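K.L.:
Position one of the sequence shown corresponds to residue 343 (my numbering), numbered consecutively onward. Yeah, the Cβ is synthetic: ideal placement off N, Cα and C, and Gly gets one too. Predicted model, so just to flag it, every value in this text is computed and none were measured. Have a look at this one.
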Amino acid sequence: MKYVDFVDLSYKPKETDLLCTFYVEPEGISLKEAAGGVAAESSVGTWTELTTEKPYVKKLAAHVYGIDGNTIKIAYPIELFEDGNMPNILSSVAGNVFGLKALKNLRLLDLELPKALLGGFKGPQFGIVGIRKLIKVPKRPLVGTIIKPKLGLKTKDHAKVAYDAWLGGCDVVKDDENLSSQKFNPFDDRLTQTLEGRDKAQDETGERKVYMVNITAETTTLLKRAQAVVDQGGEYVMVDILTCGWSALQTLRDQNFKLVIHAHRAGHAAFTKNPLHGISMKPIAAVARIIGVDQLHVGTVVGKMSETKAEVLENIAVCKGEMGGLKPVLPVASGGLHPRLVPALIETFGADVVLQAGGGIHGHPDGTVSGAKAMRQAVDAVLVGKSLVEYAKSHRELALSIKQWRT
């Protein structure tokens, strides 16, 4: 079969087809041939005629069923994929095709699995409803922080920063994505001491507090760390899902630990930042939800990260929209946040969000406790319909915060 044979604009996708949307820029060939080349090389075709091809193979061919400018839509028969095997799925639709010489640029924009394939994965265990039930915060946005500095603190000081953040009003505290079990802050000691701080903060504030300890490691070690969290009464784990890999994430989810999985997307920009090539965040978010994370970093619009509002809204929709009955994922906003940005964040995300400020809490002039108070006060101001400036007149911590960070 030639590349153009994989283009059939009259094809109507079946309910069982896996659907992908790509942005394509050809290099020396027509757009139609380039589109067919993507479908061919990601299903049953190749660059030349074959003597080994059998008539029945053609029934498994992918079909380009839509071309709109440089955007193409491809339908893949479900028979091409192994049930419950995400690496197999992604090796097909997001594999060698990115390296074809005949393509100047190729970007995977969207990925939709049929319900029959979704059934091979567990999806989120808790989701938004389960997380709110656990934390006992039924409506408002959750307030969180990341321990800063991200690396270098000794265990005792790390646990103290976490305690201060909880005392000031944070619901959740998490490790930074590159903190694992370094000598200055070993995992086991950090888990024990920080959970002790959580318990103390809960007793003193009367609020539920959770700690997202980073268990990212080789899969065997990752599972041992997850078990340690369970054994010590922890309720959350954090995983760097892209650097760990989808297989490790699925292995973790399949253990059915009673743990909320917080997904950090460290490394995503290597795939997502170039708007013409790679993989957008939307399919990454979809895969994470399908495998079974409960909350996921999706961008901020404001802050220090580069995603547009349209992209962030798209990511939020993937987390929360209908997906074969899978529970919705709680979106997380993180990266250069501080109290002044809270109104814009809530406007974009609504109430179902974790607002995570690192430097925007620990950089407060009066320290972490006041920084956490300021973040909670900013949320409260929005919920009662007051401007931050007005609310700050009777809330010193917020007043200092909006003076400290003006943009």
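For F517, count the other beta carbons within 10 Å of its own beta carbon; 16 or more makes it buried, fewer makes it exposed. Which is it?
P.N.:
The sequence shown places Asp at residue 517, rather than the Phe named in the question. Under this definition D517 is a buried residue.
K.L.:
Starting from P368 and walking both ways along the alpha helix (DSSP H), at which residues does that stretch end?
P.N.:
Looking at the DSSP string, P368 is not in any alpha helix (DSSP H); the run it does join, the beta strand (DSSP E), is L360 to P368.
K.L.:
Would you mind reading off the limits of the beta strand (DSSP E) that contains G486?
P.N.:
L484 to I488
K.L.:
Terminal residues of the continuous beta strand (DSSP E) containing N556?
P.N.:
V552 to N556
K.L.:
Per DSSP, which one or two residues make a beta bridge with I416?
P.N.:
C362 and V406
K.L.:
What number of angstroms, rounded off, separates the C-alpha of L594 from the C-alpha of V696?
P.N.:
Computed Cα separation, rounded: 22 Å.
K.L.:
Please report the Cβ distance between A628 and L453, rounded to the nearest whole angstrom; I am assuming they are in contact, meaning their Cβ atoms lie under 8 Å.
P.N.:
5 Å
K.L.:
Can you name, in chain order, every residue of its own chain whose Cβ lies under 8 Å from the Cβ of T650, other than the five neighbours on each side?
P.N.:
V643
K.L.:
Is it a yes or a no for the region 553 to 561 touching the region 518 to 525, going by three-plus beta-carbon pairs under 8 Å?
P.N.:
yes
K.L.:
Compute the distance between the beta-carbons of P685 and V724, then report whether it is under 8 Å.
P.N.:
The answer is yes: Cβ separation under 8 Å.
K.L.:
Closest by CA to Q746, which one among H737, L687, A699 and H680?
P.N.:
H680
K.L.:
How long is the line joining the alpha carbons of H704 and K502, rounded to whole angstroms?
P.N.:
12 Å
K.L.:
Thinking R738 and G511 are a contact (beta carbons under 8 Å), I'd like their distance in whole angstroms, please.
P.N.:
14 Å between Cβ atoms; not a contact.
K.L.:
What are the uninterrupted segments assigned as alpha helix (DSSP H) that are 4 or more residues long and contained completely in the region 539 to 603, given in chain order?
P.N.:
561 to 573, 583 to 586 and 588 to 596
K.L.:
For the region 484 to 525, which segments carrying the alpha helix (DSSP H) assignment without a break, of at least 4 residues, lie completely within its bounds, in sequence order?
P.N.:
If one requires a minimum length of 4 residues, the alpha helix (DSSP H) runs lying completely within the region 484 to 525 are 497 to 510, in chain order.
K.L.:
Evaluate contact between the region 401 to 421 and the region 584 to 592, counting only Cβ atoms and requiring at least three cross-stretch pairs below 8 Å.
P.N.:
No: the two stretches stay apart, fewer than three of their Cβ pairs being nearer than 8 Å.
K.L.:
DSSP on D722, reduced to helix/strand/coil?
P.N.:
Secondary structure of D722 (DSSP, three-state): helix.
K.L.:
Bridge partners for R449 per DSSP, in chain order?
P.N.:
Y365 and G620
K.L.:
What is the DSSP secondary structure of E454, counted as helix, strand or coil?
P.N.:
strand
K.L.:
For E577, I'd like the list of residues in its chain whose CB is within less than 7 Å of its CB, leaving aside the five on either flank, ordered along the chain.
P.N.:
L476, V552, L601 and V602
K.L.:
Let me check you understand the geometry: is the CB of R595 closer than 7 Å to at least one non-hydrogen atom of the ligand ADP?
P.N.:
Ligands displayed in this structure: none; no statement on the ligand ADP is therefore possible.
K.L.:
Using the three-state DSSP reduction, which class does V671 fall into: helix, strand or coil?
P.N.:
coil
K.L.:
If we require 3 or more residues per run, which beta strand (DSSP E) segments fall completely within the region 627 to 658?
P.N.:
637 to 639
K.L.:
DSSP state of A608, grouped into three classes?
P.N.:
coil
K.L.:
Are the Cβ atoms of Q698 and I470 separated by less than 8 Å?
P.N.:
no
K.L.:
Excluding the 5 residues flanking A543 on each side, which residues of the same chain have their C-beta closer than 6 Å to its C-beta?
P.N.:
The answer, listed in chain order, is Y505, W508, L509 and K551.
K.L.:
The beta strand (DSSP E) with L432 in it runs from where to where?
P.N.:
Taken as a continuous stretch (DSSP letters only), L432 belongs to no beta strand (DSSP E), being part of the alpha helix (DSSP H) at M428 to V435.
K.L.:
Please list, in chain order, all residues of the same chain as Q455 whose beta carbon is under 7 Å from its beta carbon, the five residues on each side excluded.
P.N.:
One point to set straight first is that residue 455 is Leu, not Gln, in the sequence displayed. The residues are L360 and I632.
K.L.:
What does the alpha-carbon distance come out to for the pair F526 and L533?
P.N.:
14 Å
K.L.:
Among V726, L484 and G713, which has the Cα closest to the Cα of G744?
P.N.:
The residue asked about is misnamed: residue 744 is Ile in this sequence, not Gly. Checking every option, the nearest Cα to that of I744 belongs to G713.
K.L.:
Using DSSP's beta-bridge definition, name the partner residues of S676.
P.N.:
Q698
K.L.:
Whole angstroms are fine: how far does the CA of V406 sit from the CA of T563?
P.N.:
43 Å
K.L.:
Beta-carbon within less than 6 Å of I431's beta-carbon, same chain only, minus the 5 sequence neighbours each way: which residues are those?
P.N.:
F423
K.L.:
Between G378, D513, C661 and T497, which lies nearest to D531 when the distance is taken from Cα to Cα?
P.N.:
T497
K.L.:
In whole angstroms, give me the CA-to-CA distance for K478 and P491.
P.N.:
If you draw a straight line from the Cα of K478 to the Cα of P491, it is about 29 Å long.
K.L.:
Should H610 and M580 be called a contact, given that it needs their Cβ atoms to be closer than 8 Å?
P.N.:
no
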